[in-house]
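These protein sequence lines map, in sequence, to chains A and B.
The numbering of the first sequence is this note's numbering, which starts it at 1 and goes up by one.
The numbering of the second sequence is this note's numbering, which starts it at 295 and goes up by one.
Built from N, CA and C at the ideal position, the CB exists for glycine as well.
A quick note: this is a predicted structure, and the numbers were derived from the prediction, not measured.
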Amino acid sequence: MRNDRHSPGFWLLAAFFALFVLFLYGPMFIIVLLSFQGPEGGLTFPLRGVSLHWFHKLAEGLGVVDIGAALKRSLGLGLAVTAFTVLFSVLAGLAFRKKLAGGNTLFFVVVASLIMPSIIVSLGIGLEFRLLDGGIKKLLELLGMDSALEGYGTALGLFTSALGAHLTWTLPFGLLIMFAVFNRFNPAYEEAARDLGATPWQGFRHVVLPLIAPSVVGIGMFGFTLSWDEIARTSQAIGDVNTLPLELQGLTTTVTTPAIYALGTVTTVVSLGVVALAMGLAWWLGKRQKKGQR
Amino acid sequence: MSAPAVAAHSAPAKAPGRSLAAWWQALPLASVFVLFFLIPLALVLTVSFWDFNEYELLPGFTLKNYFAIFEGCGSGADLCVTFKTYLSTFKFSLLVWLITLVTGFTVSYFLAFHVRSQGAQTLLFVLCTIPFWTSNVIRMISWVPLLGRNGLVNQSLLGMGVVSQPVEWLLFSDFSVVLAFVHLYTMFMIVPIFNSMMRIDRSLIEAANDSGASAWQTLWNVIVPLSRTGIIIGSIFVLTIVMGDFVTIGVMGGQQIASIGKVIQVQTSYLQFPLAAANAVILLAVVLMIIWALTRLVDIRKEL
């Protein structure tokens with residue numbers, strides 16, 4: 001099998017693969033191209049002029065939607081999700097290396113969250129926070145805090161329910177990556193550190209962390225990019241404000257100018273920028289680690 | 295670089311340590327799933343038995359939400375709305391599953407067994423996964439300039455004289471929905487299947503060759519059975535995503551095609567939470583049955 005590099009089979013498969021890659025990337029290239037059209041540009045070819053017109057339009061806002069504000073909300077949420085995903089996944093990854101009572105159950109729940117239809121999770125979180133609202137309002141009424149009751153809106157929000165909804169989607173990826181890392185991890189380095197009198201924290205900080213650093217960066221990348229594009233789990237669990245992808249989903253039916261392609265170019269550039277940054281950082285950390293071992 | 299480790303690994307090697315410390319370290323992650331996954335699921339189940347009026351939810355125990363969903367399903371020659379919606383969702387699931395399975399398997403097979411250099415292998419694998427980290431909605435609307443009424447495909451067909459009128463069923467149709475699903479989710483097949491294939495002992499392939507097996511025989515009798523775990527995991531991903539979807543069917547179907555996810559979404563937006571919850575419980579039951587059937591499939595084949 002490995003010697004038939006130039007057999008017809010190889011070329012057939014290679015052609016199939018090339019077509020698949022074209023299928024993956026082709027449409028995306030086209031909308032990036034179309035987003036740089038002149039003011040007369042439309043949703044399809046031919047390309048009419050070259051300009052940044054539609055990006056200016058985008059900055060002014062599309063209809064009633066304030067793109068800048070949605071962008072900031074999504075960035076803020078994405079950064080929070082990244083931080084929590086990295087911290088909680090690494091901690092849990094360490095926990096699973098030890099004797100963890102109920103570890104199998106926890107693992108089962110995490111995998112269940114990964115494959116659970118998102119609309120069900122979203123509905124559940126939305127329900128939870130609405131019932132919580134009801135409870136809080138009753139409590140305020142009982143306590144006679146009328147001004148607080150009037151001022152109270154809802155517990156649903158970007159950094160409460162939406163953050164939780166995103167974490168149910170990003171943490172499974174984070175934990176699975178930690179499992180993959182520790183499956184291949186040689187505990188001899190840690191034991192050596194312990195034998196030399198390192199505290200558990202020193203052992204982690206100076207031995208384990210540098211070794212797993214490239215993968216930790218990978219977990220962060222998953223956290224940010226998955227949150228940045230999340231729609232299904234956020235949809236019923238966010239309340240009054242919207243994230244950028246949710247606004248974008250609404251705009252697909254109302255905006256009929258290349259401005260929506262410009263928005264596509266912007267969000268894709270952010271995603272790809274984060275992916276490139278993470279891969280570069282992971283590669284650099286990996287290289288530094290190899291140098292240190294020599 | 296950590297490739298998305300979707301495949302479930304066995305519990306990692308245990309290093310000596312105190313159980314209490316482990317418990318504290320797992321606590322933040324565990325609390326997230328209790329607060330935002332287990333309690334919400336329990337609430338969905340509970341509220342599906344509640345009553346409601348225009349203003350509020352009325353706690354209690356009633357089966358009327360479930361009766362409302364299956365109203366008219368037992369009688370008449372015509373299918374009721376719920377059955378029709380499930381039938382349509384099943385149709386999408388089956389089509390998308392078949393196409394992503396064949397495509398994903400072929401791509402993985404090429405990467406795992408025909409690309410020799412490890413560097414090229416990693417590079418091409420990453421190339422397949424990068425779009426996964428970009429926006430799904432953008433990837434959906436990126437089909438508009440190609441498939442629209444005045445899109446590239448129609449322009450070419452008209453130019454070549456194949457058709458005299460623009461083809462209408464290319465966009466906002468069942469076709470575009472399936473196309474978008476395949477575009478978005480073939481990655482969920484490639485990663486686990488590629489992962490399984492990379493674990494296959496290469497000497498088994500050589501043994502098959504030495505015993506005179508043709509490339510097809512090796513593929514069918516050695517590689518496919520040994521990639522089983524990856525195929526099952528990929529299938530579970532793709533089927534559960536399509537079964538619960540409302541975003542892709544919404545955007546690519548021009549908001550005209552029904553799906554269970556969409557029914558739940560619409561009922562939620564009208565604040566009919568008990569109805570939406572009952573629908574969610576039924577959907578969950580159906581999805582669990584599919585997963586159960588898929589895992590049984592593995593066991594049965596192992597027995598034979």
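One or two residues paired with Leu62 of chain A in a DSSP bridge: Sequence index remark: in the first sequence, residue 62 of chain A carries index 62 (1-based). Leu62 of chain A pairs with A:Val65.
Proximal residues, the region 333-345 of chain B versus chain A, C-beta separation under 7 Å: Ile333, Pro334, Leu335, Leu337, Val338, Val341
Range covered by the alpha helix (DSSP H) that runs through Thr154 of chain A: If you number the first sequence from 1, residue 154 of chain A lands on position 154. Premise fails: Thr154 of chain A is in no alpha helix (DSSP H) and is neither H nor E.
Identity of the residue in A:Val266, A:Arg97, A:Gly286, A:Met279 nearest Ala70 of chain A by Cα: The residue labelled residue 70 of chain A in the question sits at position 70 within the first sequence. The candidate whose alpha carbon is nearest that of Ala70 of chain A is A:Val266.
Residue from A:Lys137, A:Glu128, A:Ser147, A:Ile260 whose Cα sits closest to the Cα of Ala162 of chain A: The residue labelled residue 162 of chain A in the question sits at position 162 within the first sequence. Selected option, being the one with the closest Cα: A:Glu128.
Contacts of Trp437 of chain B in chain A (Cβ-Cβ under 7 Å): On the second sequence, position 143 is the one that residue 437 of chain B refers to. Per Cβ cutoff of 7 Å: Pro27.
Close Cβ partners of Thr383 of chain B (< 7 Å) along its chain, the five nearest in sequence each way excluded: For the purposes of this step, residue 383 of chain B is identified with residue 89 of the second sequence, where counting begins at 1. These residues qualify, in order along the chain: Met537, Ser553, Ile554.
C-beta contact flag for Trp283 of chain A and Arg233 of chain A at 8 Å: One-based indexing of the first sequence puts residue 283 of chain A at position 283. One-based indexing of the first sequence puts residue 233 of chain A at position 233. No, the pair does not count as a contact, with Cβ atoms beyond the cut-off.
Residues that Ile120 of chain A contacts on chain B, provided the C-beta gap is smaller than 8 Å: Against the first sequence, residue 120 of chain A aligns to sequence position 120. Those are Leu335, Val338, Gly538, Ile558, Ala574, Leu577, Leu578, listed as they occur along chain B.
Per-residue burial, Asp539 of chain B [other beta carbons within 10 Å of its own, 16 or more giving buried]: Taking the second sequence and counting its residues from 1, the one referred to as residue 539 of chain B is at position 245. By the neighbour-count rule (16 or more Cβ atoms within 10 Å), Asp539 of chain B is buried.
Chain A contact for Arg493 of chain B (CB, 8 Å cutoff): Locating residue 493 of chain B in the second sequence gives position 199, counting from the first residue. No, no contact with chain A.
Cα-Cα separation, Leu591 of chain B to Ile584 of chain B: Taking the second sequence and counting its residues from 1, one reaches residue 591 of chain B at position 297. Taking the second sequence and counting its residues from 1, one reaches residue 584 of chain B at position 290. Going by the C-alpha atoms only, they are around 11 Å apart.
For Asp345 of chain B, three-class secondary structure by DSSP: By 1-based counting over the second sequence, the position of residue 345 of chain B is 51. Asp345 of chain B falls in the strand class under three-state DSSP.
Distance, Ile424 of chain B Cα to Phe222 of chain A Cα: Looking up residue 222 of chain A in the first sequence gives position 222. Looking up residue 424 of chain B in the second sequence gives position 130. Cα-Cα distance, rounded: 11 Å.
Neighbour-count burial assignment, Phe361 of chain B, 16 or more Cβ in a 10 Å radius: Counting from one through the second sequence, the residue named residue 361 of chain B turns up at place 67. Its Cβ having fewer than 16 others within 10 Å, Phe361 of chain B is exposed.
Sufficient close CB pairs (3 or more, under 8 Å) joining the region 435-443 of chain B to the region 340-353 of chain B: no
Contact list for Asp229 of chain A against chain B, beta-carbon separation under 9 Å: Against the first sequence, residue 229 of chain A aligns to sequence position 229. Per Cβ cutoff of 9 Å: Trp427, Thr428, Ser429, Asn430, Val431, Ile432.
Opening and closing residue of the alpha helix (DSSP H) in which Val255 of chain A lies: Locating residue 255 of chain A in the first sequence gives position 255, counting from the first residue. Segment: none, Val255 of chain A is in no alpha helix (DSSP H) and carries neither H nor E.
Per-residue DSSP class, three states only, for Leu565 of chain B: Residue numbering aside, residue 565 of chain B sits at position 271 when the second sequence is read from its first letter. Residue state, collapsed to three classes: coil.
Chain-order list of residues whose beta-carbon lies under 8 Å from that of Leu77 of chain A (same chain, five-residue window excluded): Here residue 77 of chain A is taken as the residue at index 77 of the first sequence, counted from 1. Around Leu77 of chain A: Leu158, Phe159, Ala162, Leu163, His166, Ser227, Thr243.
Rounded distance between the beta-carbons of Trp437 of chain B and Leu465 of chain B, thought under 8 Å: Counting from 1 along the second sequence, the entry for residue 465 of chain B is found at position 171. Counting from 1 along the second sequence, the entry for residue 437 of chain B is found at position 143. Confirmed, Cβ separation roughly 7 Å.
Own chain, CB closer than 8 Å to Ile31 of chain A, minus 5 neighbours either side, in chain order: Within the first sequence, numbered from 1, the residue matching residue 31 of chain A stands at position 31. Tyr261, Gly264, Thr265.
Met295 of chain B in three-state terms, based on DSSP: For this step, residue 295 of chain B is matched to residue 1 along the second sequence. Below a pLDDT of 50, predicted positions are generally treated as unreliable, and Met295 of chain B, at 39, falls in that range; the measurement from the model is reported next regardless. Coil.
Those residues which DSSP pairs with Val50 of chain A across a bridge: Along the first sequence, one-based indexing puts residue 50 of chain A at 50. Per DSSP, A:Gln37.
Member of B:Leu337, B:Val396, B:Glu462, B:Gln559 whose CA lies at the smallest distance from the CA of Phe16 of chain A: Position 16 of the first sequence holds residue 16 of chain A. Closest by alpha carbon: B:Val396.
Residue nearest to Ile530 of chain B in terms of C-alpha spacing, selected from A:Leu281, A:Leu33, A:Ala112, A:Phe10: As a first step, residue 530 of chain B is located in the second sequence; it is residue number 236 there, counting from the start. Of A:Leu281, A:Leu33, A:Ala112, A:Phe10, the residue nearest in Cα terms is A:Ala112.
Cβ neighbour criterion (16 or more within 10 Å) applied to Tyr152 of chain A: Along the first sequence, read from residue 1 onward, the residue named residue 152 of chain A stands at position 152. Exposed, because fewer than 16 other Cβ atoms sit within 10 Å of the Cβ of Tyr152 of chain A.
Residue(s) in a DSSP beta bridge with Leu352 of chain B: Walking along the second sequence from the start, residue 352 of chain B turns up at place 58. BP columns for Leu352 of chain B point to B:Asp345.
Completely contained alpha helix (DSSP H) runs for the region 503-561 of chain B, where each covers 4 or more residues: 509-512, 522-538, 541-546
CB contact below 8 Å: Glu60 of chain A versus chain C: Of the protein chains in this structure, namely A and B, none is chain C.
Coil, strand or helix - Met491 of chain B by DSSP: As a working note, residue 491 of chain B is residue 197 in the second sequence. In the structure shown, Met491 of chain B sits in a helix (DSSP, three-state: H, G or I).
Inter-residue spacing [alpha-carbon to alpha-carbon] between Ser89 of chain A and Val338 of chain B: Working through the first sequence from its first residue, we reach residue 89 of chain A at position 89. Working through the second sequence from its first residue, we reach residue 338 of chain B at position 44. Taking the straight line from one Cα to the other gives about 27 Å.
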